[in-house]
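Asks: Using our numbering, the letters of the sequence shown correspond one by one to residues 430 to 1010.
We put the beta carbon where it would ideally sit given N, CA and C, even for glycine.
Every value quoted in this text rests on a predicted model; they were computed, and no experiment measured them.
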Amino acid sequence: MSQKSGSDAVKAAFGANQWLVDELYEKYLADPASVDPAWWDFFADYRPRTDLGTPTAAAPSVTEPSGGSNGVATAAPAAAAKPAAGEEPSGAAATQAAPAAPPQQAPTTQDESPAPAARTERSAEQTLPRTPREPVSTLTGPIAAAQPATALYAYPPAARVEHPSAREAETVDRLRGPAARVVANMESSLEVPTATSVRAVPAKLMVDNRTVINNHLARTRGGKISFTHLIGYAIVEALADMPAMNQGYLLVDGKPAVVSPGHVNLGLAIDLAKPDGTRQLLVPSIKRSDTLDFGQFVAAYEEVVRKARAGKLTVEDFSGTTITLTNPGTIGTVHSVPRLMAGQGTIVGVGAMDYPAEFQGASDEQLARLGISKVLTLTSTYDHRIIQGAQSGDFLRIISAKLLGDGGFYDRVFTSLRIPYEPVRWVRDNTVDADTELAKPARIAELIHSYRSRGHLMAETDPLAYRQRKHPDLDIQNHGLTLWDLDRVFPSAGFTGKPKATLREILGLLRDSYCRTIGAEYMHLQDPRQRRWLQERLEAGYARTPREDQLRILRRLNAAEAFETFLQTKFVGQKRFSLEG
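(1) What does a CB cutoff of less than 6 angstroms around P593 pick up in its chain, not counting 5 residues either side in sequence?
(2) Put S879 into one of helix, strand or coil per three-state DSSP.
(3) Can you tell me whether K633 is buried or exposed, with buried defined as 16 or more other CB within 10 angstroms of its CB?
(4) State the beta-bridge partners of A629 as determined by DSSP.
(5) DSSP three-state label for A868, please.
(6) For I752 versus L668, is the C-beta spacing smaller than 9 angstroms?
(7) So what's Y943 in DSSP terms, helix, strand or just coil?
(8) Compare the beta carbon distance of R933 and D916 with 9 angstroms and say whether it is the shorter of the two.
(9) Under a Cβ-count criterion, where at least 16 other Cβ atoms within 10 Å of its own Cβ denotes burial, should V779 be classed as buried or exposed?
(10) Based on Cα-Cα distance, which residue from T623, A702, D465 and L619 lies nearest to R738?
(11) Might you give, ordered along the chain, the residues of its own chain that have their beta carbon closer than 7 angstroms to the beta carbon of S879, omitting 5 neighbours on each side?
(12) At what residues does the beta strand (DSSP E) containing V687 begin and finish?
(13) Could you name the residues that DSSP lists as bridge partners for T753?
(14) Looking at L967 and A949, is the spacing between their C-beta atoms short of 9 angstroms?
(15) I'd like to confirm the pairing. Which residues does DSSP put opposite Y678 in its beta bridges?
(16) Which residue spans inside the stretch 832 to 871 form an unbroken beta strand (DSSP E) run of at least 3?
(17) How far does the beta strand (DSSP E) with F919 in it extend, from its first residue to its last?
(18) I need the straight-line Cα distance from T925 to I877, nearest angstrom please.
(19) Taking the continuous beta strand (DSSP E) assigned at A669, which residues delimit it?
(20) Less than 6 angstroms between C-beta atoms, sequence neighbours within five positions excluded: which residues of the same chain meet that for S626?
(21) Is the separation between the beta-carbon of R872 and that of L912 shorter than 9 angstroms?
(22) With contact counted as at least three CB pairs below 8 angstroms, one residue from each stretch, are the stretch 444 to 460 and the stretch 709 to 728 in contact?
(23) Keeping to the same chain, check which residues put their C-beta closer than 8 angstroms to that of P672; ignore five residues upstream and five downstream.
(24) Apply the 10 Å Cβ neighbour rule to K929 and answer buried if 16 or more other Cβ atoms are within range, or exposed otherwise.
(25) Taking I816 as the reference, give the member of L619, E616 and N675 with the closest Cα.
(26) Does the Cβ of I654 have 16 or more other Cβ atoms within 10 Å, making it buried, or fewer, making it exposed?
(27) By the DSSP assignment, the beta strand (DSSP E) with A930 in it spans what residues?
(28) CA-CA distance, F656 and L983?
(29) Pair every Cβ in the stretch 882 to 895 with every Cβ in the stretch 947 to 966, then say whether three or more of these pairs are closer than 8 angstroms.
(30) Going along the chain, which residues of its own chain have a beta-carbon closer than 8 angstroms to the beta-carbon of I664, five neighbours each way excluded?
(31) Can you tell me which of the three DSSP states Y457 falls into?
(32) With a CB to CB cut of under 7 angstroms and the five nearest residues on each side skipped, what residues in its chain are close to Y895?
(33) Can you give the beta carbon distance from T623 to H813, rounded, assuming they're within the 8 angstroms contact cut?
(34) Taking only beta-carbon atoms, is S594 less than 9 angstroms away from chain D?
(35) Since N638 and P852 should fall inside the 8 angstroms C-beta cutoff, what is the C-beta to C-beta distance between them, to a whole number of angstroms?
(36) Leaving aside the five residues before and after D858 along the sequence, list all residues of the same chain whose C-beta is less than 7 angstroms from its C-beta, in chain order.
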């Protein structure tokens, strides 16, 4: 096998993070204590590349000579010294400083064209972006020639944006440090022949299941999950069906070879802002992602991000990345084609999640009525030497199917997080005509009655054992409703405190009332007034107990337990009744 040495070995190990290694090495040379001790052994025999620029003085301003080939206007040298303050230029200096007077022109008639100079100025002004202004009369003849160019278009004072960085002459700054490392990485990435596959995925199911998960976490142990957590875990699971996307290209004794890693080390592209206002890109990886369930994956993901923001990443966090996930959608980018670094086979890009552009002006009610979902764009940029386009396209198809719940993806997610409810299922909208739509309010009334009668069967009353609780009568699909109805408005007969509400609001209130940690069964009561009294109190919604009240209850429980222990120790064998009774 061909041996790599020096910076080539570092490039293969760290890829896009090599600039950070060089930056840390400079800090290590200046003060070893300013660098994490985990890097000391690595820097003992490390030698950075010297062709990427070193800290130097700022380059002087560069100007092109007059009449340069680049066509850029340059600053002319000063021909004479400026007069002192308070003095008027006179004599030759005044003649040199004053602009040349325009030549006298014969009066022109209205049919004749204006002077060439005036026409040139007018054409230049017409290329500027126009803003609303007061009408200006068209002037011809000597009066038009005497008017300045700006008088033809009466722009308001704030008609353009001020550029604080504008200067008379251009400047050239040498790239060094992290910026120079980015250049080296991009140049090395040109050696990798890449291609990109693109696929649009409906995000409706992912949005609804994330809402169910985060609502339950907010009511219980806290925390939340992001869309990137779900997408990243779907990528890890998809690699089990398409392991070729996790491979890398390598030269062995000068001949091409394919490297198949033992595990999936998922790299995360993290964009961080530095104190000086610049930004830096770090790509640490989650090691052995294929051995983690979703809960463990989220914990490892958050740990990597926390270490990156605190500046505590080590050598191990950057090495061994097999596939990378980048998320330009956080800044609104719909579709991007990232560069692929040497040693990896695939990088997956996640675009912005939004409604299609042609529907972004529609109201929420109209979008819900038409059944239009938000769309997520996924891209797979791959090394074309070892991966073919059909494999990349099939890989995106598998990810898309998992995000739509194929193969029990969300069941595994809910189980790992101990969510006691059944996930929302992907189905097509069943609204085909007006009669079906008119029957849905009656279906919702049946659903409300089912929760009042059997909602306690989905309550999480056993804190020791976990199981996913479900009942056919509490499934909205068995009542002729689907996930597309969640954001549609239906008559609620005052159930939510208002005459109309979305199915999402109705279903959320039903689960908060009957399916939390306490179950209530009262529909067997014969007196309707008693049932109504219970309904008014149970269906008031969920309000989290204030922390002060929780601590007060905890102190009372601790005091009661201490009193019970005292009685059991002091009066052994005496007949007594415990507080539990």
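Replies: With the given structure in hand:
(1) One-based indexing of the sequence shown puts residue 593 at position 164. Contacts found: none.
(2) Walking along the sequence shown from the start, residue 879 turns up at place 450. S879 falls in the helix class under three-state DSSP.
(3) Against the sequence shown, residue 633 aligns to sequence position 204. Per the 10 Å Cβ criterion, buried.
(4) Along the sequence shown, read from residue 1 onward, the residue named residue 629 stands at position 200. The partner list for A629 (beta bridge, DSSP) reads T806.
(5) Here residue 868 corresponds to residue number 439 of the sequence shown, with the count starting at 1. DSSP places A868 in helix when its eight states are reduced to three.
(6) Locating residue 752 in the sequence shown gives position 323, counting from the first residue. Locating residue 668 in the sequence shown gives position 239, counting from the first residue. A contact, by the Cβ cut-off of 9 angstroms.
(7) The residue labelled residue 943 in the question sits at position 514 within the sequence shown. Y943 falls in the helix class under three-state DSSP.
(8) The count along the sequence shown starts at 1 and reaches residue 933 at position 504. The count along the sequence shown starts at 1 and reaches residue 916 at position 487. Yes.
(9) Start at 1 with the first residue of the sequence shown, and residue 779 comes out as number 350. Buried: at least 16 other Cβ atoms inside 10 Å.
(10) Within the sequence shown, residue 738 is the residue found at index 309, counting from 1. Among T623, A702, D465 and L619, the Cα nearest to that of R738 is on A702.
(11) Along the sequence shown, read from residue 1 onward, the residue named residue 879 stands at position 450. Correct list, in chain order: D902 and L903.
(12) Residue 687 sits at position 258 when you count from the first residue of the sequence shown. Taken as a continuous stretch (DSSP letters only), the beta strand (DSSP E) holding V687 covers K684 to V688.
(13) Locating residue 753 in the sequence shown gives position 324, counting from the first residue. Answer is G696 and I776, bridged to T753.
(14) For the purposes of this step, residue 949 is identified with residue 520 of the sequence shown, where counting begins at 1. For the purposes of this step, residue 967 is identified with residue 538 of the sequence shown, where counting begins at 1. Yes, Cβ-Cβ distance for A949 and L967 is below 9 angstroms.
(15) As a first step, residue 678 is located in the sequence shown; it is residue number 249 there, counting from the start. BP columns for Y678 point to V687.
(16) Annotation: the stretch 832 to 871 contains no complete segment of the beta strand (DSSP E) (minimum length 3 residues).
(17) Walking along the sequence shown from the start, residue 919 turns up at place 490. Counting along the chain, the beta strand (DSSP E) containing F919 begins and ends at V918 to P920.
(18) Numbered from its first residue, the sequence shown carries residue 925 at position 496. Numbered from its first residue, the sequence shown carries residue 877 at position 448. The straight-line gap from Cα to Cα measures roughly 11 angstroms.
(19) Against the sequence shown, residue 669 aligns to sequence position 240. Counting along the chain, A669 falls outside any beta strand (DSSP E), though it belongs to the alpha helix (DSSP H) covering F656 to D670.
(20) Reading the sequence shown from its first residue, position 197 is the one you call residue 626. So the list reads S809, S821, G822 and L825, once near-sequence residues are dropped.
(21) If you number the sequence shown from 1, residue 872 lands on position 443. If you number the sequence shown from 1, residue 912 lands on position 483. Not a contact, by the Cβ cut-off of 9 angstroms.
(22) Touching, yes, given that three or more Cβ pairs across the two stretches are closer than 8 angstroms.
(23) Taking the sequence shown and counting its residues from 1, one reaches residue 672 at position 243. Excluding positions up to five away in sequence, the list reads S689.
(24) Locating residue 929 in the sequence shown gives position 500, where the first residue counts as 1. Here K929 is exposed. Its C-beta has fewer than 16 other C-beta atoms within 10 Å.
(25) Counting from 1 along the sequence shown, the entry for residue 816 is found at position 387. Checking every option, the nearest Cα to that of I816 belongs to N675.
(26) Here the question's residue 654 lines up with position 225 in the sequence shown. Buried, since its Cβ has 16 or more Cβ neighbours within 10 Å.
(27) Translated into positions along the sequence shown, residue 930 becomes position 501. Note, A930: beta strand (DSSP E), K929 to T931.
(28) Residue numbering aside, residue 656 sits at position 227 when the sequence shown is read from its first letter. Residue numbering aside, residue 983 sits at position 554 when the sequence shown is read from its first letter. In a straight line, the C-alpha of F656 is about 36 angstroms away from that of L983.
(29) yes
(30) By 1-based counting over the sequence shown, the position of residue 664 is 235. Excluding residues within five positions, the ones whose Cβ falls inside 8 angstroms are L695, I752, L754, V777 and I828.
(31) Mapped onto the sequence shown, residue 457 falls at position 28. In the structure shown, Y457 sits in a helix (DSSP, three-state: H, G or I).
(32) Reading the sequence shown from its first residue, position 466 is the one you call residue 895. The answer, listed in chain order, is R847.
(33) Position 194 of the sequence shown, counted from the first residue, corresponds to residue 623. Position 384 of the sequence shown, counted from the first residue, corresponds to residue 813. Right, the Cβ-Cβ distance comes to about 6 angstroms (below 8 angstroms), so this counts as a contact.
(34) No chain D is present in this structure, which holds just one protein chain.
(35) Along the sequence shown, read from residue 1 onward, the residue named residue 638 stands at position 209. Along the sequence shown, read from residue 1 onward, the residue named residue 852 stands at position 423. 5 angstroms between Cβ atoms; contact.
(36) One-based indexing of the sequence shown puts residue 858 at position 429. Excluding the 5 residues flanking it on each side, D858 has same chain C-beta neighbours closer than 7 angstroms at G800, T911 and W913, in chain order.
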